[in-house]
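Here the numbering used here is used: the first residue of the sequence shown is 1421, the next is one more, and so on. Backbone N, C-alpha and C fix where the C-beta goes; we use that ideal spot for every residue, glycine too. Please read the structure below before turning to the comments.
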Amino acid sequence: VSTTFGDQNNTTDECPPAEFKDWQSTVVPAYMLLISVLDVMRNGNSTAVYLINLSISDLLYTISLPVWIELALQRPLGGLCSLVAVIMHNSFYVGSGLLCCLSVDRYLAVVYPLHFHWVREVQTAAVVSIAVWTLEIAIHIILLDHKGVLQAFSSRNLCEERIPMTQEDANIALTRVTLGFLVPVFIMTFCFQQIMWSLRQSNSIQTEERRKVGLLLFFLILTYIVAFMPYQTVMLLRAILEPRACVWAIKLRDLYLVTVATTTINSTADPIIYCLTTETAQKEIRKALEKFWGVFVRKKCVHILIPFY
């Protein structure tokens, strides 16, 4: 029995390994991701759903970093450059939207523990997360279409900043700073303040568990502000000062590039925060370290005993 691959005949025992390699590198990871998400949907909680989506957002941003390195080296990227620019900006604002959702979710859970149970269900969190992704992507597409870059998506005009900003670019920047940073920070700060006030007033046996959630939320918000406030501040200054003013454009250019780089702090620190403040993650890290130490000790013993045989 034989089968045909392309223009060559091969027996079923000689299937090209590349076919299976491609399948393993695409279908298997997608399948494992799907299983993980379904497992969280079945056994997890709303916090886990939001944290998974935050992790995906951080991962997408991290994946885009090598492309920015290639861009800095002046290497041709074509349409990939524009695609990565879209991914980066979406990651910025999807992250802020998800942090708002997480803050409100924990606010309702701590301040109103006997109410709004349906809001804190896993299914609700999944639907809200999908809505955040959809809304942010839709808004971004509308802004890009308004700028006219969708008609020339393969060009580099999404990667190269126009200096100085036009008034239209400045208006878009002001919209992003207001809706994508100032409003989310206000919501997150309000929710955190209310959570901390409620924890101080509570004598429940669950206070310690709630305190851990408050700590997680505090570090996530702090990391977000530290990572994005410099960038958003520079964008605000550019939007106000740059239009038709080359002097300010030149002064702010280097500072802008530095603050873009500092936004990577968020993607770098978030996974560490998850591990250090989540009890489940701490247990997994402890198990991994114990296994590693056990293997290390066994190998050391083997190396010591071998010369005596």
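Residue from the options whose Cα sits closest to the Cα of residue i
i	options	result
residue 1661	1633, 1695, 1590, 1622	1590
residue 1521	1533, 1604, 1512	1604
residue 1596	1677, 1616, 1613, 1648	1648
residue 1505	1491, 1495, 1516, 1517	1491
residue 1606	1588, 1497, 1692, 1642	1642
residue 1467	1523, 1515, 1481, 1482	1523
residue 1689	1616, 1636, 1617, 1495	1636
residue 1658	1644, 1592, 1496, 1535	1592
residue 1470	1519, 1509, 1489	1519
residue 1475	1602, 1691, 1554	1691
residue 1599	1559, 1588, 1611	1559
residue 1507	1557, 1706, 1536	1557
residue 1639	1685, 1588, 1703, 1495	1685
residue 1594	1652, 1537, 1614	1652
residue 1584	1619, 1706, 1671, 1613	1671
residue 1608	1465, 1500, 1503, 1644	1644
residue 1680	1489, 1538, 1536, 1620	1489
residue 1561	1542, 1538, 1509	1509
residue 1465	1495, 1534, 1542	1542
Outcome for residue i when other beta-carbon atoms lying within 10 angstroms are tallied against a minimum of 16
i	result
residue 1650	buried
residue 1582	exposed
residue 1711	exposed
residue 1428	Caution is warranted here: a pLDDT of 42 is assigned to residue 1428, below 50, making its placement in the model unreliable, and the coordinate value is therefore given only provisionally. With fewer than 16 other Cβ atoms within 10 Å, it is exposed.
residue 1586	exposed
residue 1693	buried
residue 1666	exposed
residue 1514	buried
residue 1669	buried
residue 1552	buried
residue 1709	exposed
residue 1610	exposed
residue 1674	exposed
residue 1446	Its pLDDT being 47, under 50, residue 1446 is placed unreliably in this model, and the value from its coordinates should be taken loosely. When all chains shown are included, residue 1446 counts as exposed.
residue 1625	Since pLDDT at residue 1625 reaches only 48, below the 50 mark, its modelled position is unreliable, and no value is offered.
residue 1554	exposed
residue 1615	buried
residue 1472	buried
residue 1713	exposed
residue 1442	Only weak support is given to the placement of residue 1442: the predicted model assigns it a pLDDT of 48, under 50, and the value that follows is read from those uncertain coordinates. So residue 1442 counts as exposed.
Rounded distance between the beta-carbons of residue j and residue i, thought under 8 Å
i	j	result
residue 1526	residue 1633	6 Å
residue 1371	residue 1676	Residue 1371 lies beyond the stretch modelled for the chain, which goes from 1421 to 1729, so this question has no answer here.
residue 1516	residue 1601	7 Å
residue 1481	residue 1511	4 Å
CB contact check: residue i to chain B, cutoff 9 Å
i	result
residue 1597	No chain B appears in the structure shown, which is made up of a single protein chain.
Closer than 8 Å: residue i CB and nearest the ligand GDP heavy atom
i	result
residue 1520	Although the ligand GDP was asked about, the structure shown includes no ligands whatsoever.
- Item | Touching by the beta-carbon criterion (3+ pairs, under 8 Å), the stretch 1533-1553 and the stretch 1655-1672 | No, the stretch 1533-1553 is not in contact with the stretch 1655-1672.
- On the three-pair Cβ rule with 8 Å, is the stretch 1476-1486 touching the stretch 1529-1536? The stretch 1476-1486, when compared against the stretch 1529-1536, does not touch it at the 8 Å Cβ threshold.
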